[in-house]
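Let me begin by presenting the structure, written as structure tokens, before commenting on it.
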Amino acid sequence: MEFKQSTFGDIIESEREMFLTASDRYGDFFINASEFNVLLNEFIKSVDPDRFIFAMFLSQIRKHATLALLSAVRLHHVQTSMNLRQVLEAGSCAAYAIANIGKEDFADFDENGFLDPSQKLTNKRYKWLEENFPAGSTAILNMKKTINNSSAHANIVYAHNNFRFDEKTGKFSTPFFDIEDEYWVKTDLWSIANIIMGLVDLFYGVNKDRNVIKFIDDFVPRLKALEKENHQLKAIMMGTDRFKKIQEASGQ
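Numbering (the working numbering) for the sequence shown: 172 to 423.
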């Protein structure tokens, strides 16, 4: 499907159309990611006032998860990845903030009195997560590593997504939208859903013995139903010839 992109008006109109037609174009992959996004915005009844830092990071998670979903169906793969990295980083902070309420664990003050979210404190939070919730920690770090090693920085691989060359005319074009690849868009949508799934499950685990967050009554059955669908979608992608070729090429 071709989308107009010659002017700002074209881009705005096309991006609206891309989102409104996403369920037709990407089917259950879009539906599962969208429903996980809804769950992310509905899974909490209340948060104890002294856990306001958790709520601050939850706001970041919700914002960037929604931006990732929008970016994926509007054919902006790198933007999707960058937003997911924000989701993962905010997610680790949010999990830590459920159990640790000290503001000093999130930022230092520099010599001028400005807040400094130092790497030392970031490492402290990651270490706590690794020691107390190793499965969740590993999942976050592995996904961050995948993003950092692929789409977090400019490279020739992703430059191909925004470049066309016409051999007949000898001219090239630089489209605003990625050249549409249904397989990779579905992969992005699956990843968005899977990351949200992992984070809300992690929050549920951290909160379990603390009870500082009140989850909605049907949180667990909704999560389990969406999780089952997400695993089914993963199996579909892993059964494609394209996935098998990628595995063969990487020696797996």
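We put the CB at the ideal spot given by N, CA and C, even for glycine. On a predicted model such as this, the values are computed, not experimentally measured, just so you know.
With 16 other Cβ atoms within 10 Å as the buried cut-off, status of residue i
| i | result |
| --- | --- |
| Ala-265 | buried |
| His-402 | exposed |
| Phe-374 | buried |
| Thr-340 | exposed |
| Ser-185 | buried |
| Leu-360 | buried |
| Gly-273 | exposed |
| Phe-304 | buried |
| Arg-222 | buried |
| Thr-358 | buried |
| Ser-177 | exposed |
| Asn-313 | exposed |
| Ile-366 | buried |
| Leu-191 | exposed |
| Phe-225 | buried |
| Ile-269 | buried |
| Ser-421 | exposed |
| Ala-396 | exposed |
| Ser-252 | buried |
Residue i versus residue j: straight-line alpha-carbon distance, rounded
| i | j | result |
| --- | --- | --- |
| Leu-300 | Val-328 | 33 Å |
| Glu-206 | Asn-283 | 45 Å |
| Lys-416 | Pro-220 | 51 Å |
| Ile-202 | Ile-183 | 23 Å |
| Asp-181 | Lys-295 | 47 Å |
| Phe-414 | Asn-320 | 19 Å |
| Lys-291 | Ala-325 | 27 Å |
| His-247 | Ser-289 | 30 Å |
| Tyr-267 | Arg-233 | 17 Å |
| Arg-381 | Gly-198 | 39 Å |
| Ile-350 | Gln-418 | 23 Å |
| Asp-281 | Glu-302 | 29 Å |
| Glu-400 | Glu-338 | 43 Å |
| Gln-250 | Arg-187 | 17 Å |
Short Cβ contact (9 Å threshold) for residue i with residue j
| i | j | result |
| --- | --- | --- |
| Phe-200 | Val-356 | yes |
| Val-391 | Val-218 | no |
| Arg-245 | Met-189 | yes |
| Val-258 | Gln-231 | yes |
| Ile-318 | Leu-240 | no |
| Leu-394 | Val-371 | yes |
| Gly-369 | Ala-310 | yes |
| Ala-204 | Ala-243 | yes |
Beta-carbon separation (whole angstroms), residue i vs residue j, contact threshold 8 Å
| i | j | result |
| --- | --- | --- |
| Asp-276 | Asp-287 | The pair is not a contact, with the Cβ atoms about 13 Å apart (cut-off 8 Å). |
| Phe-228 | Phe-386 | At roughly 17 Å, the Cβ-Cβ gap does not stay under 8 Å, so Phe-228 and Phe-386 are not in contact. |
| His-235 | Asn-212 | About 13 Å separates the two Cβ atoms, so there is no contact after all. |
| Lys-298 | Arg-256 | About 20 Å separates the two Cβ atoms, so there is no contact after all. |
Residue i at chain B interface by Cβ criterion, 9 Å
| i | result |
| --- | --- |
| Ala-236 | Here there is only one protein chain, and chain B is not present. |
- Would you call the stretch 257-271 and the stretch 343-360 touching, i.e. three or more CB-CB distances under 8 Å? Not touching, per the Cβ criterion.
- Does the stretch 354-374 touch the stretch 396-412, meaning 3 or more C-beta pairs lie closer than 8 Å? Yes: the two stretches touch, three or more of their Cβ pairs being nearer than 8 Å.
- Query: Is the stretch 324-341 in contact with the stretch 362-379, if contact means three or more CB pairs nearer than 8 Å?
  - Reply: Contact fails: fewer than three Cβ-Cβ distances are below 8 Å.
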